[in-house]
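In the working numbering, the protein residues as written are 202 to 402. These notes are about the structure you will find just below.
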């Protein structure tokens, strides 16, 4: 039996519609426990349902996508010299993932692909080591530069090119870092690249 505080779920029509679409669900054990549908959906009974990342029906059922939480953070953990692949594409590669909620960051390619339309936040911190050349790092969106950062102080052994931005992305937009100028000879250990979905649109 559905909880008394959730009369919308007792309605026969929405249950038939869900079952007719091949979606199964289980009732919560108490008034506050959500009802989980198979297939990346979450139905929440709420007297004041929120539309944050979801759709609210006239029956008071708030449906949120299971892919609403998106975040990643990658780091360079070694000081290996740039590989032949790096030198050809000038893509800045990372070798460790600290956070990858949703698995939308491809570590091997070091590319993030947006799973949905929304506002995203990105930041990067690329360290050059024992290198007297000026480097320029671009954040690329679908092969086009969005923002840049520079590091060119010749009197320090370590220096970082850092920047951050909010972007309006469409589904399947791709983001990665590119070395536009200079080189990373000596390695780029401790460099980071992070991003997350602020809110969907």
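Positions of the beta carbon are idealized from the N, C-alpha and C atoms, including for glycine.
Going by DSSP, residue 308 is part of no beta strand (DSSP E) at all; its letter is neither H nor E. DSSP places residue 396 in the uninterrupted beta strand (DSSP E) bounded by 393-401.
Looking only at 349, 379, 340, the smallest Cα-Cα distance to residue 396 is reached by 340. Here residue 390 carries a coil assignment [DSSP, helix/strand/coil]. From the listed residues 381, 366, 392, 354, the smallest Cα separation to residue 290 is found for 381. In summary, residue 345 is exposed, with fewer than 16 beta-carbon neighbours lying within 10 Å of its beta-carbon over all protein chains present.
DSSP, read as helix, strand or coil, puts residue 270 in coil.
Closest in C-alpha terms to residue 333, from the list 281, 391, 372, 383, comes 383.
With a beta-carbon spacing of about 25 Å, residue 279 and residue 375 fall beyond the 8 Å limit used to define contacts.
Here residue 372 has 315, 316, 317, 318 as same chain residues with Cβ atoms under 8 Å from its own Cβ, once five neighbours each way along the sequence are excluded. A distance below 7 Å between beta-carbons, with the five flanking residues on each side excluded, links residue 277 to the following residues of its chain, in chain order: 295, 296, 389, 390, 391, 392. Less than 8 Å divides the Cβ of residue 338 from the Cβ of residue 350.
Residue 306 and residue 363 have their C-alpha atoms spaced approximately 20 Å apart.
In the DSSP assignment, the residues bridged to residue 346 are 341. Between the alpha carbons of residue 386 and residue 329 lies a gap of roughly 8 Å. In terms of Cβ geometry, residue 308 and residue 300 do not form a close pair [threshold 8 Å]. Shown here for residue 270: same chain residues with a beta carbon closer than 7 Å to its own, the five before and five after excluded, namely 302, 303 in chain order. For residue 297, the enclosing beta strand (DSSP E) begins and ends at 297-302.
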